[in-house]
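Notes follow the structure.
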């Protein structure tokens, strides 16, 4: 079965469009005629090489919708519903045509004999590496329902964190944009007129005012060119970082730089330990769980180190020993892993360690976000103060000369 997008006309001439499943385009047209609809156009949603399929593979569902779809699929699979039937039921219930099309395409791939994780690989824009690796591990261990439930919880938590972060940063971002706009406008339009007044009076300008005039000249002459260069450099940096080599080097720098090392280590360690805990508690073999958890780590350098841990464990080393050798996991987490290995409670120990790391990371992010607003106020207030002083000092000098 495949999914088809259709446009049709009923006997009254009213146009309609939608999505249906059929074994072929001819069967889809026959199904529409049985509904007393005249088909105008019937197109498959996953024709190979078509631009429609390419755009669908790159699209992203909103986090909330992805979490809802994941939870619904997890509930149905947990109720012993087959994966292809679960995908069809969720597709019928969703109000989003994009999500329905995606789910029916996944169902078609499963009906063609592919695994669910292999079908997800066709849509990396929607299902990230963490999602696909977790599903692959869950399928291999026969724990797909539990893994999907964990994914739903993870995505919901991610959506809440992103919403909180966006709300916290809206005011500082608006303040920074408005302040920069005011400063640029002053330097471009106001300062030159004031300078002409000062120079016509023959006033001896203070050093601060001379510096402001120099900055104003630079902004007026080269501001647009500098903006274009900055945008060009940003686009070039994004394109370069898409390549594996430069991206790996950039991630290595982030992991080693004193300013970013602490945050990067916490983020990646929390991601790795949380995924590993879920997979181990779901009954996934440790080597497979390590391999899947390593693939979910965002930093490529950290990921390579965790793959080394996987190889060491596969060769027979203890997980705590291999983790300690990397020097990347927090000592407390390594100690909890060792305790879990000794007591046969590795999954629970990893879960507690992941929760502690997540709490520390959340507290760190909250602190940084709380400091952003006063930092923006201080910086912008200081710049405005310098502008005001640079303009007022010559005026005071002119008044003294006039007196």
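In full-length UniProt numbering, the protein residues as written are 1 to 403.
Cβ atoms here follow ideal geometry from the backbone N, Cα and C, with glycine treated the same way.
All figures in this text were calculated on a predicted structure; none of them were measured in a lab.
Rounded separation between residue i and residue j - CA only
{"i": "residue 242", "j": "residue 15", "result": "44 Å"}
{"i": "residue 249", "j": "residue 238", "result": "14 Å"}
{"i": "residue 297", "j": "residue 391", "result": "53 Å"}
{"i": "residue 356", "j": "residue 84", "result": "38 Å"}
{"i": "residue 75", "j": "residue 183", "result": "55 Å"}
{"i": "residue 219", "j": "residue 240", "result": "29 Å"}
{"i": "residue 311", "j": "residue 358", "result": "26 Å"}
{"i": "residue 261", "j": "residue 368", "result": "15 Å"}
{"i": "residue 194", "j": "residue 388", "result": "12 Å"}
{"i": "residue 299", "j": "residue 68", "result": "28 Å"}
{"i": "residue 322", "j": "residue 292", "result": "17 Å"}
{"i": "residue 370", "j": "residue 167", "result": "12 Å"}
{"i": "residue 303", "j": "residue 72", "result": "31 Å"}
{"i": "residue 6", "j": "residue 137", "result": "37 Å"}
{"i": "residue 25", "j": "residue 117", "result": "27 Å"}
{"i": "residue 181", "j": "residue 395", "result": "25 Å"}
{"i": "residue 308", "j": "residue 156", "result": "31 Å"}
{"i": "residue 158", "j": "residue 350", "result": "20 Å"}
Whole-Å CB distance - residue i paired with residue j, under 8 Å assumed
{"i": "residue 330", "j": "residue 269", "result": "6 Å"}
{"i": "residue 101", "j": "residue 60", "result": "14 Å between Cβ atoms; not a contact."}
{"i": "residue 380", "j": "residue 179", "result": "4 Å"}
{"i": "residue 197", "j": "residue 212", "result": "At roughly 14 Å, the Cβ-Cβ gap does not stay under 8 Å, so residue 197 and residue 212 are not in contact."}
{"i": "residue 259", "j": "residue 140", "result": "Actually they are not in contact, since the Cβ atoms of residue 259 and residue 140 sit about 40 Å apart, beyond 8 Å."}
{"i": "residue 215", "j": "residue 187", "result": "6 Å"}
{"i": "residue 151", "j": "residue 123", "result": "Not a contact, Cβ separation roughly 15 Å."}
{"i": "residue 247", "j": "residue 360", "result": "With a Cβ gap of about 27 Å, residue 247 and residue 360 do not count as contacting."}
{"i": "residue 20", "j": "residue 28", "result": "6 Å"}
{"i": "residue 319", "j": "residue 273", "result": "About 11 Å; that fails the 8 Å criterion."}
Buried/exposed call for residue i, threshold 16 Cβ in 10 Å
{"i": "residue 95", "result": "exposed"}
{"i": "residue 48", "result": "Legend: pLDDT at residue 48 = 44, less than 50; position of this residue unreliable, value from coordinates given subsequently. That one is exposed."}
{"i": "residue 289", "result": "buried"}
{"i": "residue 148", "result": "buried"}
{"i": "residue 222", "result": "exposed"}
{"i": "residue 227", "result": "exposed"}
{"i": "residue 70", "result": "buried"}
{"i": "residue 340", "result": "buried"}
{"i": "residue 77", "result": "buried"}
{"i": "residue 295", "result": "buried"}
{"i": "residue 264", "result": "buried"}
{"i": "residue 36", "result": "exposed"}
{"i": "residue 275", "result": "buried"}
{"i": "residue 146", "result": "buried"}
{"i": "residue 306", "result": "buried"}
{"i": "residue 231", "result": "exposed"}
{"i": "residue 235", "result": "exposed"}
Limits of the unbroken beta strand (DSSP E) element including residue i
{"i": "residue 172", "result": "From DSSP, residue 172 is part of no beta strand (DSSP E) but of the alpha helix (DSSP H) over 144 to 185."}
{"i": "residue 39", "result": "38 to 44"}
Residue from the options with nearest C-alpha to residue i
{"i": "residue 111", "options": "206, 87, 133", "result": "87"}
{"i": "residue 172", "options": "393, 396, 373", "result": "373"}
{"i": "residue 62", "options": "144, 98, 279, 137", "result": "98"}
{"i": "residue 133", "options": "28, 279, 316", "result": "279"}
{"i": "residue 271", "options": "191, 315, 304, 154", "result": "154"}
{"i": "residue 10", "options": "34, 235, 313", "result": "34"}
{"i": "residue 176", "options": "393, 394, 378", "result": "378"}
{"i": "residue 286", "options": "347, 253, 245", "result": "347"}
{"i": "residue 120", "options": "66, 92, 158, 396", "result": "66"}
{"i": "residue 22", "options": "4, 36, 12", "result": "4"}
{"i": "residue 144", "options": "27, 80, 159", "result": "80"}
{"i": "residue 352", "options": "336, 363, 206", "result": "336"}
{"i": "residue 326", "options": "301, 105, 115, 276", "result": "301"}
{"i": "residue 108", "options": "273, 44, 343", "result": "44"}
{"i": "residue 458", "options": "210, 255, 135", "result": "The requested residue 458 does not occur in the structure, where the chain is confined to residues 1 to 403."}
{"i": "residue 365", "options": "349, 343, 162", "result": "162"}
{"i": "residue 255", "options": "350, 328, 103", "result": "328"}
Continuous alpha helix (DSSP H) stretch holding residue i: start and end
{"i": "residue 299", "result": "From DSSP, residue 299 is part of no alpha helix (DSSP H); its letter is neither H nor E."}
{"i": "residue 208", "result": "207 to 241"}
{"i": "residue 93", "result": "83 to 93"}
{"i": "residue 322", "result": "319 to 326"}
{"i": "residue 338", "result": "331 to 343"}
{"i": "residue 75", "result": "63 to 78"}
{"i": "residue 117", "result": "116 to 120"}
{"i": "residue 98", "result": "97 to 111"}
{"i": "residue 273", "result": "258 to 281"}
{"i": "residue 136", "result": "129 to 141"}
{"i": "residue 35", "result": "Premise fails: residue 35 is in no alpha helix (DSSP H) and is neither H nor E."}
Residue i at chain D interface by Cβ criterion, 8 Å
{"i": "residue 36", "result": "The chain inventory of the structure shown lacks chain D, comprising one protein chain alone."}
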